[in-house]
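For the sequence shown, the positions run 84 to 294 when our numbering is used. For every residue, glycine included, the Cβ atom is placed at its ideal position computed from N, Cα and C.
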Amino acid sequence: MVETSLSSPGGHTVVNIQVDPTRARGEGGPEYPRLVVPIDLTLTPERGRTGEKFFFLLRVRHTLHPCGRAHKIADAIDNFSPLKAHYANYKSGCDLEFPLDAARVRLLEETRRGGDTSLGVRLRYDLGFCDDLVVQKGDKNETLRIVTDVYSPSAEVRVDIPHSHWISNMLPGLTQPEYFLLEIPKGDRVLEDAWRYLAPALSPFRLDIPV
C-alpha cells in the first residue's frame, strides 16, 4: 500500500489517498485497452479556531507517466462525482482509468525491462472550502453552506506493480499475449550457453530464439 496526502491552505491534512498496486488491472482488450488503478480516499474537514471548516472535493485530475520519464502518457477518464467532506474520516473510492494504445503498452514494457512496472500518478484536486451563511426565510433562520474559496493542491504517488502481477493481471487485458515465468539461476556460464539450452525446450511453443 502506498499513500500521499493533500493539505488545506492552513496546513491541515484534509485528503488522504491510498493505492494498493496489486489491485491494478488491465481492461478493454485490443479495442479499448485501459490501465485501471483503484484508489481509496479519506476526507477530513479542516479544524480551525471557530470549529471545523467543511469542503467539497469538486474536481480531480490524474495523469500517468512511467517513473524516470517526465512526460505523461495518459490522462485519467473524468468519471468523478463531487464529494462532500462533512465529517471526519469520510471514506470513498474510485477507479482511475487511463486509456492506452499499442504504442504506449510497448513503452511500458520497454521501461520495465522484464522487472516491476514503476508508474507515477500525478494528481491535482479542486477543494471548495465552505462558510456558513444565515438567511431568513419567513420567521425562521436557515443556515446555508456555500463555497467561498477554491484551493487546488497537487501531489504525486509512485505505484510499483510487481512483475508477476503485471504479467498475470495486467497484460492479458492490454491486448498482450499470455506469458509464463521462467527463472534461470545465475552461474559461471555465459548467457549464450543458456540460450542454446532454452531453444530446444521452447521450440514446441514456436518461439523464435536466435542461438
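Our two residues, Leu179 and Ser164, have alpha carbons roughly 13 Å apart in a direct line. DSSP places Glu114 outside both helix and strand once states are collapsed to three, so it counts as coil. For Arg106, there is no enclosing alpha helix (DSSP H), since its DSSP letter is neither H nor E.
Closest in C-alpha terms to Gly93, from the list Asp232, Glu239 and Met253, comes Asp232. When Arg144, Val217, His246 and Glu239 are compared, the shortest CA-CA separation from Val102 is found for Glu239.
With a minimum length of 4 residues, there is no unbroken run of alpha helix (DSSP H) contained wholly in the stretch 139-163.
With contacts defined as CB atoms closer than 8 Å, Leu124 and Lys174 qualify as a contacting pair.
Rounded to whole angstroms, the Cβ separation of Thr146 and Arg205 is 5 Å, and the two are in contact under 8 Å. The beta carbon of Asn224 sits closer than 8 Å to the beta carbons of Val217 and Val218 from its chain, once the five residues preceding and following it are set aside; these are given in chain order.
With respect to Val98, Tyr208 sits close: the two C-beta atoms are nearer than 8 Å. Between Arg241 and Gly203, the C-beta spacing is below 8 Å. Assignment of Arg130 by DSSP, reduced to helix, strand and coil, places it in the strand class.
Here DSSP, grouped into helix, strand and coil, assigns Pro121 to strand. Taking the CA atoms as reference points, Arg195 sits about 19 Å from Glu110. DSSP places Gly203 in the strand class (E or B) of the three-state scheme.
Here the alpha carbon of Leu89 sits roughly 53 Å from the alpha carbon of Asp276.
Note: Ala185 is not bridge-paired with any residue in the DSSP secondary-structure output. By the neighbour-count definition (other C-beta atoms within 10 Å, threshold 16), Gly211 is a buried residue. The beta carbon of Lys167 is closer than 6 Å to those of Phe139 in its chain, skipping five residues each way along the sequence. Cβ-Cβ distances below 8 Å link Tyr170 to Pro128 in the same chain, with the five nearest sequence neighbours on each side left out; the list follows chain order.
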